[in-house]
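Counting the sequence shown from 1 gives a position; my numbering is that position plus 1125. We treat Cβ as the ideally placed atom computed from N, Cα and C, and that holds for glycine. Below: the structure, in structure tokens.
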Amino acid sequence: MPVLRTSSLAQRVVVLSLAGLLSACGSDSTGPVADPVGTVSSAIRTQGQGAFLIDFDLGTVMTVNSGGVADLYLDGNVNFNVGCCVPAGQQPRRVAEVGAVSGLGAVTTVPTAGFVSTLSATVGHGYVVTDNARNWRVFVTSTIIGATSGGVIGVNIKWAPL
């Protein structure tokens, strides 16, 4: 028996409109912002778990802060710290959280307030570290889980000059 197909122009328009609406609802038109040129990925661990200090100028992660060169470190409570001691003639370092962002490329400006010496390192959040006249953007991509303890022992970050 032949199938009889009846379809009006109005029905076709409705179906196509609904299809367009449904496809638009499921997409994120903004999406993650690309990482800036010069982005570096680093793993920093809590004190006592390995390399926990980072020097942005040299691009190194280390276990000893010789001469106060480390710009940022992760303490035993998974907090970012900028330390209390800076080389003579320099201003104290500070860090500010910019909140949840889609990636390092979304950290685009230096906050006008909120700079402190210690704050929690949260996955998916962006930060700005100010070190004298230099500013660095930081994004926490994930946590590092200890193989034996099962607890958080560090964070993976992306960072670049701002």
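Buried or exposed by the 16-neighbour rule on C-beta atoms within 10 Å, applied to residue i
{"i": "Asp1256", "result": "buried"}
{"i": "Asp1196", "result": "buried"}
{"i": "Val1170", "result": "Here the sequence assigns Arg to residue 1170, which means Val is not the residue at that position. Burial call: buried."}
{"i": "Ile1270", "result": "exposed"}
{"i": "Val1241", "result": "exposed"}
{"i": "Gly1279", "result": "buried"}
{"i": "Val1162", "result": "exposed"}
{"i": "Gly1151", "result": "For Gly1151, the predicted model reports a pLDDT of 39, less than 50, meaning its position is unreliable; a value from the coordinates is still stated below. Gly1151 comes out exposed."}
Distance between residue j and residue i (C-alpha atoms, nearest Å)
{"i": "Ser1133", "j": "Thr1233", "result": "Caution applies to Ser1133, whose pLDDT of 49 falls short of 50 and renders its modelled position unreliable; the value that the coordinates give is listed next. Going from the Cα of Ser1133 to the Cα of Thr1233 covers about 51 Å."}
{"i": "Ser1258", "j": "Trp1284", "result": "Residue identity differs from the one stated: residue 1258 is Ala in this sequence, not Ser. Cα to Cα, Ala1258 sits roughly 17 Å from Trp1284."}
{"i": "Thr1237", "j": "Ser1274", "result": "39 Å"}
{"i": "Pro1355", "j": "Gly1201", "result": "Examination of residue 1355 is not possible in this model, given that the chain is present from 1126 through 1287 alone."}
{"i": "Gln1174", "j": "Ile1282", "result": "16 Å"}
{"i": "Val1263", "j": "Tyr1252", "result": "5 Å"}
{"i": "Thr1188", "j": "Ala1176", "result": "4 Å"}
{"i": "Leu1183", "j": "Val1235", "result": "21 Å"}
{"i": "Gln1216", "j": "Ala1272", "result": "39 Å"}
{"i": "Leu1194", "j": "Val1186", "result": "Per the sequence shown, the amino acid found at residue 1194 is Val instead of Leu. Looking at the two C-alpha atoms, the distance is approximately 11 Å."}
{"i": "Gly1239", "j": "Asp1180", "result": "22 Å"}
{"i": "Ala1221", "j": "Asn1260", "result": "11 Å"}
{"i": "Thr1268", "j": "Val1277", "result": "6 Å"}
{"i": "Ala1231", "j": "Gln1172", "result": "29 Å"}
{"i": "Val1223", "j": "Gly1192", "result": "29 Å"}
Supposed close pair residue i, residue j - CB separation, criterion 8 Å
{"i": "Leu1178", "j": "Asn1190", "result": "5 Å"}
{"i": "Arg1218", "j": "Val1254", "result": "6 Å"}
Q) Hey, which unbroken runs of the beta strand (DSSP E) at 3 residues or more fall wholly within the stretch 1164 to 1216? A) 1165 to 1170, 1178 to 1180, 1185 to 1187, 1197 to 1199, 1204 to 1206
Q) So does the stretch 1216 to 1234 actually touch the stretch 1155 to 1164, counting three or more Cβ pairs closer than 8 Å? A) yes
Q) Should the stretch 1238 to 1249 be called in touch with the stretch 1188 to 1208, which here means at least 3 C-beta pairs below 8 Å? A) yes
Q | beta strand (DSSP E) runs contained entirely in the stretch 1256 to 1287, provided each spans 3 or more residues | A | 1259 to 1270, 1277 to 1286
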